[in-house]
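Here the structure comes first, spelled out in structure tokens, and everything after it is commentary.
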Amino acid sequence: MKTFSAKQSDVEKKWVVVDAADQPLGRVASKVAAIVRGKTKPIFTPHVDTGDNVIVINAAKVKLTGRKWEDKIYYHHTGWPGGIKSATARQVMDKQPKELLKNAINGMLPKNRLGRTLKNNYRIYDNDNHPHEGQKPEAVTL
Numbered sequence: 001m002k003t004f005s006a007k008q009s010d011v012e013k014k015w016v017v018v019d020a021a022d023q024p025l026g027r028v029a030s031k032v033a034a035i036v037r038g039k040t041k042p043i044f045t046p047h048v049d050t051g052d053n054v055i056v057i058n059a060a061k062v063k064l065t066g067r068k069w070e071d072k073i074y075y076h077h078t079g080w081p082g083g084i085k086s087a088t089a090r091q092v093m094d095k096q097p098k099e100l101l102k103n104a105i106n107g108m109l110p111k112n113r114l115g116r117t118l119k120n121n122y123r124i125y126d127n128d129n130h131p132h133e134g135q136k137p138e139a140v141t142l
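Numbering (the working numbering), first residue to last: 1 to 142.
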């Protein structure tokens, strides 16, 4: 018996909704990354986009445990000499609530051509309103 290798034509994508309210950041991110990658499907193939499209709602209500709101620091560089910038998780959440979740999910996806494609397969919204009702998404519990 040969090992099954999925092709793009074999994949049936569906839309799912994940509610991030009162859930730990890493738990939500790992679940979303697994669904987007396709690891929850029996036809998973490492080099093919076999995952589903994910809608994450209530990103502004995600939780961090311990003192991570003050201790966890996010860095980025402007590209100029001495242009390293830093912000705590609380500062990032106050300014751009979606960025915490986006950063965590992107860190769990592959860093290659497939990973860049997978980054287009999820949408993050601050509250529980989203414009994707036409896709008839199914709710997924964590």
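We put the CB at the ideal spot given by N, CA and C, even for glycine.
Reduced DSSP category for residue i - H, G, I as helix; E, B as strand; rest coil
| i | result |
| --- | --- |
| ASN53 | strand |
| ALA139 | strand |
| LYS111 | coil |
| ASP128 | coil |
| VAL48 | coil |
Residues bridged to residue i (per DSSP)
| i | result |
| --- | --- |
| TYR74 | ALA87 |
| LYS63 | PRO24 |
| VAL92 | DSSP output for VAL92 lists no bridge partner at all. |
The beta strand (DSSP E) enclosing residue i, as first and last residue numbers
| i | result |
| --- | --- |
| ARG123 | 122 to 124 |
| ASP10 | Careful: ASP10 lies outside any beta strand (DSSP E) and carries neither H nor E. |
Residue range of the unbroken alpha helix (DSSP H) whose run includes residue i
| i | result |
| --- | --- |
| VAL36 | 25 to 37 |
Environment of residue i [buried if 16+ CB atoms lie within 10 Å]
| i | result |
| --- | --- |
| PRO97 | buried |
| ARG113 | exposed |
| PHE31 | The residue asked about is misnamed: residue 31 is Lys in this sequence, not Phe. Label assigned to LYS31: buried. |
| THR3 | exposed |
| ALA20 | buried |
| TYR75 | exposed |
| PRO131 | exposed |
| GLY198 | The displayed coordinates of the chain run from 1 to 142. Any statement about residue 198 would go beyond what the structure contains. |
| ILE84 | exposed |
| PRO137 | buried |
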